[in-house]
Structure formats: structure tokens, C-alpha cells
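These notes are about the structure you will find just below.
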Amino acid sequence: MNHSKKRLDFHDALDLYRDQDLLSLGAMADRVRQDLHPDGAVTYVVDRNINYTNVCCSGCRFCAFFRPPGHAEAYVITREELSRKIEETIALGGTQILLQGGIHPGLGLDYYEDLLRFITTNFPIHVHGFSPPEIHYIARKEGLPLRDTLVHLMEAGLGSIPGGGAEILVDRVRKQVSPRKCTADEWLGVMETAHGLGLRTTATMMFGQIETPEERLEHLFRIRDLQERTGGFTAFIPWTFQPDNTRLTVPKATSAEYLRLLALSRLVLDNVPNIQASWVTQGPKIAQVALKFGANDLGSTMIEENVVAAAGVAFGLSRDDMIGIVETAGFRARQRDTFYNHV
Amino acid sequence: MEFNDPALFPIHEKVTSGERLDFEDGMTLYHTNDLLGVARMANLVREQKFSRDTYFVRNQHLNYTNVCVNRCVFCAFSRDMGEEKAYTFDLSKAEQEIRTRLHEPIREIHMVGGLHPSLPFSYYLDLVRMVKELRPEATVKAFTAVEIDYFSRLTGLSLEEVIKELQGAGLGMMPGGGAEVLSERIHRKLYPRKIGPDRWLQVIRVVHGLGVPTNATMLYGHIETLEERVNHLLKLRTLQDDTGGFTAFIPLAFHPENTRLSHLKPTGGIDDLKTVAVARLLLDNIPHIKAYWVMITPSLAQVALSFGADDLDGTIVEEKITHMAGARTPTGMSMEEISHLIRSAGYHPVERDAFYNPI
Numbered sequence: 000m001n002h003s004k005k006r007l008d009f010h011d012a013l014d015l016y017r018d019q020d021l022l023s024l025g026a027m028a029d030r031v032r033q034d035l036h037p038d039g040a041v042t043y044v045v046d047r048n049i050n051y052t053n054v055c056c057s058g059c060r061f062c063a064f065f066r067p068p069g070h071a072e073a074y075v076i077t078r079e080e081l082s083r084k085i086e087e088t089i090a091l092g093g094t095q096i097l098l099q100g101g102i103h104p105g106l107g108l109d110y111y112e113d114l115l116r117f118i119t120t121n122f123p124i125h126v127h128g129f130s131p132p133e134i135h136y137i138a139r140k141e142g143l144p145l146r147d148t149l150v151h152l153m154e155a156g157l158g159s160i161p162g163g164g165a166e167i168l169v170d171r172v173r174k175q176v177s178p179r180k181c182t183a184d185e186w187l188g189v190m191e192t193a194h195g196l197g198l199r200t201t202a203t204m205m206f207g208q209i210e211t212p213e214e215r216l217e218h219l220f221r222i223r224d225l226q227e228r229t230g231g232f233t234a235f236i237p238w239t240f241q242p243d244n245t246r247l248t249v250p251k252a253t254s255a256e257y258l259r260l261l262a263l264s265r266l267v268l269d270n271v272p273n274i275q276a277s278w279v280t281q282g283p284k285i286a287q288v289a290l291k292f293g294a295n296d297l298g299s300t301m302i303e304e305n306v307v308a309a310a311g312v313a314f315g316l317s318r319d320d321m322i323g324i325v326e327t328a329g330f331r332a333r334q335r336d337t338f339y340n341h342v
Numbered sequence: 000m001e002f003n004d005p006a007l008f009p010i011h012e013k014v015t016s017g018e019r020l021d022f023e024d025g026m027t028l029y030h031t032n033d034l035l036g037v038a039r040m041a042n043l044v045r046e047q048k049f050s051r052d053t054y055f056v057r058n059q060h061l062n063y064t065n066v067c068v069n070r071c072v073f074c075a076f077s078r079d080m081g082e083e084k085a086y087t088f089d090l091s092k093a094e095q096e097i098r099t100r101l102h103e104p105i106r107e108i109h110m111v112g113g114l115h116p117s118l119p120f121s122y123y124l125d126l127v128r129m130v131k132e133l134r135p136e137a138t139v140k141a142f143t144a145v146e147i148d149y150f151s152r153l154t155g156l157s158l159e160e161v162i163k164e165l166q167g168a169g170l171g172m173m174p175g176g177g178a179e180v181l182s183e184r185i186h187r188k189l190y191p192r193k194i195g196p197d198r199w200l201q202v203i204r205v206v207h208g209l210g211v212p213t214n215a216t217m218l219y220g221h222i223e224t225l226e227e228r229v230n231h232l233l234k235l236r237t238l239q240d241d242t243g244g245f246t247a248f249i250p251l252a253f254h255p256e257n258t259r260l261s262h263l264k265p266t267g268g269i270d271d272l273k274t275v276a277v278a279r280l281l282l283d284n285i286p287h288i289k290a291y292w293v294m295i296t297p298s299l300a301q302v303a304l305s306f307g308a309d310d311l312d313g314t315i316v317e318e319k320i321t322h323m324a325g326a327r328t329p330t331g332m333s334m335e336e337i338s339h340l341i342r343s344a345g346y347h348p349v350e351r352d353a354f355y356n357p358i
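Sequence lines, in order, name chains A and B. Under numbering that gives the first Met the number 0, think of the first position of the first sequence as 0, with each following residue one higher. Under numbering that gives the first Met the number 0, think of the first position of the second sequence as 0, with each following residue one higher.
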């Protein structure tokens, strides 16, 4: 079907998702991956997730990481700790930091500008930071247009935006599990504005909450439609909701469901160049298998990761292990930067 | 069926026409980069045999001793007599282990242990009798070919006499361990004090001849070559042609942690899946292929159901041997967890007894 390069519409995709078995979906996605990445390279980035605060006023039901303002375990990172973390990252060959909160009600645009200036004037490292809900919140708090907010952040050193906070881009789902976080349109609006300013971003999807198969597809098609207008997404990263320690009681989406969705996203998102496998949620074995189901990137070595770990999942993977996974799968491992250039 | 690797077309021809695959086919399957091509062929065979049924058993593991005179290079479980963490259950401790789970409808008791230097043969007979008495409805699946050979040397009895005594005590089936890799080279390097490939096959032949079914295993992912893996599978297939006594084949992924091979990397998910698929395709005469979730993780075992596996082993509850080699998997799964894994992959869970009769 994809040999003929016919673009999938919503109903084609739904039929595939419903009717095709795991191996057929995987084989179709694998062919698309080969066409888009004929060099047989699988990329990874060396970076660290730094959560500058765990204070968050969103209170999403799926989150085990956040603490409400005033909680005994609430923190905002100190400059000393931030410096130490960045120095360690650079020492390990890291090229970027992924900088995310918490949506802290007490932090304004000046805090973020200072934070970015502190990092970029002191360290030779790319800041991939602030997901759309954070940017949306800062703009609203300051009463500034999104565009101006983003320009301020870019001038202070923001290099690109991670695709977090997308969860499922359908308001029915968001109202139930993350009612205080930005809407689907608002999330997409931040990304569209960012892309218009030349900021590249990723897009994510956290599935296995309460959404229907149709809503998963709606998410994929909204990403595809925006990408059609802007071309600003570098990669799509689906992962499964991790229910431990959260207030959402559902059975965890299994690896077979993960691989099906991963393959489907490779098929639908024909205009997004890279699909990232999530070893953090799936473990190294399934992440390796994912390279045969459409993924061409293994994401980050994650020198530090806090959010998924708070939900009871702790897989470790050294850089050597990551290279081993890629090579024993028959690919060439290539370290990349934020923009998927080989380094 | 379409393949990325044209080398798979002739193999597909053979698979669909029911022609037996040979050594070269096995090597082609291992060497190809077309993982999903191999998987689709294995899945074809799996669905012909079992449709979308997936078996599991409610079982209990009892590892009565870790004291072992063999001390194989790949083992993290065994200890010398008197060494720290060495343990041996006396009969009352073993009985207590069985009694703690009497409220569960367990259908299979899996018992293996080290080769203890001083326990008498009567200990093993008493162990089987005790379990059978407490659990008359469960199958006692115990002792590998390695232990049967050891009991024979211990007692001076013939293999036939040893097996008949154990059958008389209640032994219903034997697991497939101790085969490791059926290669004299690997035998000399990794398990020199344990019986070698020829003796393993000889013992199993006698066991099957007396009507005791067994499983078969292969411990892969250490120093063996792909040729040695394929030869291993073909040796099992040849014996099965003669005896028909193998019930299931279980690939065992080597866990290097805490062994003398700890410098090796654990197996990758693709190798694990490919090994399941190659086994399904080569072992045309062994009914079942098991994805052992303890070793390859429940997640990968679930995916293996589309790569030729039709069995997920069991609930287990207290696995020791792989966990002493650093396994991070759970030590047990609930019936609901196993059923959910099977259903959410689009398969139909079938609870079974030791002989694959549906419960």
C-alpha cells in the first residue's frame, strides 16, 4: 500500500489499525523507514533531562512527578545544581539539555530568561526546553502574545522545543485527565507559532490513558496537518502511559500495543522525518525491536530522567549499551544533535 | 508473502509446502536482516497449529538445593557445599513451600536443583512422593537429564531403573534443562563437569522410551556460534523423529550477571525473537514453542507470540535461578496479568495442564 505512496486518510489508517496484524503493520512501517532513511543509520542524542522544578499547578491525573506549591518535596533548581548537572553532561559528550518543569505559578518570564541566559552564557550546550503547556502558561501569566513570549525566550537562548504535554490532542480526553493544562488547539498553536519563528520542535503522544483508537488517530492527523503547513517537527515520539503512582487506574498499555501504534505513526506521519523509540518506557529489548517497526531513532541516553522514574519505571542504558542495541539490530549507530545532524 | 530479503522466498516455498528446512535454511534465517519476514513465516506455522490460542499454566517452582558439583561457567545459582548462600531444603522445608500455596489451583510443580554431593537418591524419591501426595491433581515435572544421569551414577542403578523408580514415586514429566548448547566445544568450555551433548541426548532417549515426556531447551547468547545453535535445534529434531517425546522447546536467553561470563552483554530483543522464530520453523515435529517471560521479559514474551511462540509458561511466583543471574523481571505473574498480556496482543488465553490439555 505504501509502495504506491498513496497518502493514508483517516479511514485508511483506522482500517489498518483495526484489521492488520502486528507483523503486517510492522513490515509496512519498516519499508517506509527504509525509504526515508536508506543509509541504515539509527541515531541517538547524548543529553540529560533537567527538571528545573517539580512544582506544578496542572495536577494531571497521569503524573507521578509533580508536587503542588508549598509541598515539602517541592523544589526549584539552584544555579549550583544546574551548573553541576550541565558540566557532567558536557563531560559525557552531551550536546543538549532537555529543560522542563513543572508549571510553577510563581515563576515569570524574567525567571526563564535569566535561566536561559545563565546557561547559554556559561556553557556550550543546546537548550531544548519548555513544552507548549509551559510556554502557553508563561504567555498568559505575562499577558503577552505567544509570539512575543517565544521571541523573548529565543533571544535569551532557547534553541528548540520538546513536544511534551501533547498527551492526547483531543479535548475530550484532556478535560478528563489534565483539565488545567492547555487545550489541543493551544498546544498546536504554540508549536505553529514556534515553527513560524524558525524554532524546531518534536511532537509526542502519551497513549494508553482513556482515549479511543479514533482519538489516537485524530492526534496523529492533527500533527500531520500542522506539519504540512510548517514543516517544523523534527520527530514524533509516542510512548505509553505509566500508571504506577498516578491517579489514573488503567491497565498499562502492553508492548504489542506500543509496537502497533509506533508502526501506525510511521505510516500516517509521512511528513515527519524521524520516529523515536522510547526505551525509557519500553525497556531496551522492545526499543531494539521497535527499530524494525518504523523507528529510526533511540532518543536520548538520558543521563538523568525523573518523570517516568517517578511512575515506577527505571530502565538504565549506557551509551555503549545503546550502540550495542543498534549494531546487533543490523544498523549503524550515529550520535546526533538536536536537529538530527550526525555529530 | 513479500520479503525484503529474496533469500527467504525459497524457504517460504518449503514452509508452505510442508517441506522440512535444513541446516542451510536455518543459517539463512539467522543471518537475514529481514526479521519480520522470518517472523511472518514462523507465525504462519504457529497459526496453522494453534490458531490464535496461547497457553499458560498455573505452576510453582521448587529449587530444593543450589549446592552443585558441576559449577558451570554460565551459572549464577550454584554454590559449593558450605559456601555462603548455599542452601538445601530438607523434606519438611520443601513440604512447607508446597503447603504455602495449597489454596491455589496449581497444575504443575517444576522441580530442579543442583547436583548435591551427598543427598541420597531416596531424598529425591521422597520429594516427588511428598509433592504428589499434597498435590494429586498437579503434574510433578522434575529433574533434567543431568540429574537422571547423576542418580544413576550415585546409585549404580541403570537409567531405566532410576526413571522407573521416579515414575513409581509420581514423576509425570521432565523439564528440558541441562542441554545448554549441544556442542562438544561449548561443553568443554562452559560445562565440562556436566554431561555432554551425546549423553544428554542418550538419557532423553531412554526417558522418552519409558513414556515420560520432556521439554527441550537451548541456552543461547554466550559464546556459541549461530552454526552451533542451528545444529542444536537439528539434533533435537532428529531425536524427536525417533521418540516423539518432546512437548515444548524453550529458548533460554543467557543472563551474564553474577556469572564468570559477566563481561558479556545480555541478549537483544531481536535475537530473542529471532531465536523463537527459527525454532518454530526448524522444529516442525515439536508441538509447542515457549516464550519464557522470566528470561526475556513479559513485554518481549508477548511480542514473541507473533514470532512463533504459543506458550507463555506460567505464573511461577518464585523464580530463583534466572534472578540470581540478575534478571530484573518479576518473579511471578498473576493469572490476570498473563491473560491481559495475551489478550491485548490479540490472542486467546488457554489455561493448560502440564500436557497442554485445556483446563
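Even glycine gets a Cβ: it sits at the ideal position worked out from N, Cα and C.
If only complete runs of 3 or more residues are kept, the stretch 289-325 of chain B shows the beta strand (DSSP E) at 310-313, in order along the chain. Under a criterion of Cβ atoms nearer than 8 angstroms, the residues of chain B adjacent to A/A328 are, in order, G267 and I269. Shown here, A/R171 sits in a helix according to DSSP, grouped into three states.
The beta-carbon distance between A/T192 and A/L145, rounded to whole angstroms, is 5 angstroms. This is short enough to meet the 8 angstroms contact definition. Residues of chain A with a Cβ closer than 9 angstroms to the Cβ of B/I295 are, in chain order, K284. Taking the CA atoms as reference points, B/E159 sits about 41 angstroms from B/S298. By the Cβ test, the stretch 243-250 of chain B is not in contact with the stretch 296-310 of chain A, since fewer than three Cβ pairs between them sit closer than 8 angstroms. Contact between B/A38 and A/L22 holds: their C-beta atoms lie close to 5 angstroms from each other, under 8 angstroms. Counting along the chain, the unbroken beta strand (DSSP E) around A/G128 starts and ends at H125 to G128. Closest in C-alpha terms to B/H109, from the list B/D352, B/P357 and B/D21, comes B/D352. In this chain, the beta strand (DSSP E) harbouring B/K140 covers T138 to A141. Excluding the 5 residues flanking it on each side, B/V14 has same chain C-beta neighbours closer than 7 angstroms at M40, L43, V44 and L280, in chain order.
With the criterion set as a beta carbon lying under 9 angstroms from some beta carbon of chain A, the members of the stretch 35-59 of chain B are L35, G36, A38, R39 and N42, in sequence order.
B/G244 has a beta carbon lying at 9 angstroms or more from every beta carbon in chain A. Around the beta carbon of A/Q33, a 10 Å sphere encloses fewer than 16 other beta carbons of the protein chains shown; the residue is thus reported as exposed.
Residue environment for A/D243: exposed (fewer than 16 other C-beta atoms within 10 angstroms of its C-beta). The beta carbon of A/G164 is closer than 6 angstroms to those of S130, P131 and P132 in its chain, skipping five residues each way along the sequence. Around the beta carbon of B/H254, 16 or more other beta carbons sit within 10 angstroms, so the residue counts as buried.
Scanning the stretch 191-252 of chain A for uninterrupted beta strand (DSSP E) segments of 3 residues or longer gives 200-206 and 232-239, listed from N- to C-terminal end. The residue from B/Q166, B/V211, B/L272 and B/M323 with its alpha-carbon nearest to that of B/V127 is B/Q166. Here B/H339 is not bridged, per DSSP, to any residue. Uninterrupted beta strand (DSSP E) stretches at least 3 residues long and entirely within the stretch 132-170 of chain A do not occur. In the DSSP assignment, B/P250 falls within the unbroken beta strand (DSSP E) covering F245 to A252. Distance from the Cα of B/D240 is smallest, within the candidate group B/L225, B/D283 and B/M217, for B/D283. Closest option to B/L209, judged by alpha-carbon separation, among B/L170, B/D271 and B/K188: B/L170. Excluding sequence positions up to five before and after B/V349, its CB lies within less than 6 angstroms of the CB of D52, Y54 and P357, all in the same chain and listed in chain order. Contact of B/L272 with chain A by beta-carbon distance below 7 angstroms involves V288. For A/R47, the enclosing beta strand (DSSP E) stretches over residues D46 to N50. Approximately 18 angstroms separates the beta-carbon atoms of A/G230 and A/V31; this is outside 8 angstroms, ruling out the contact. Taking 8 angstroms as the upper bound for CB-CB distance, A/G101 and A/C59 are not in contact here, some 11 angstroms apart. For A/S57 and A/M321, the gap between their C-alpha atoms comes out near 34 angstroms.
By the Cβ-count criterion, A/A90 is exposed, with fewer than 16 other Cβ atoms from all chains shown falling within 10 Å of its own Cβ.
For B/I108, the enclosing beta strand (DSSP E) starts and ends at E107 to M110. In the displayed model, B/M80 falls within coil according to three-state DSSP, outside both helix and strand. Ranked by Cα distance from B/K319, the first of B/Q301, B/Y29, B/A6 and B/N62 is B/N62. Taking 9 angstroms as the Cβ-Cβ cut-off, the stretch 5-31 of chain A approaches chain B at D20, L21, L22, S23, G25, A26, D29 and R30, given in chain order.
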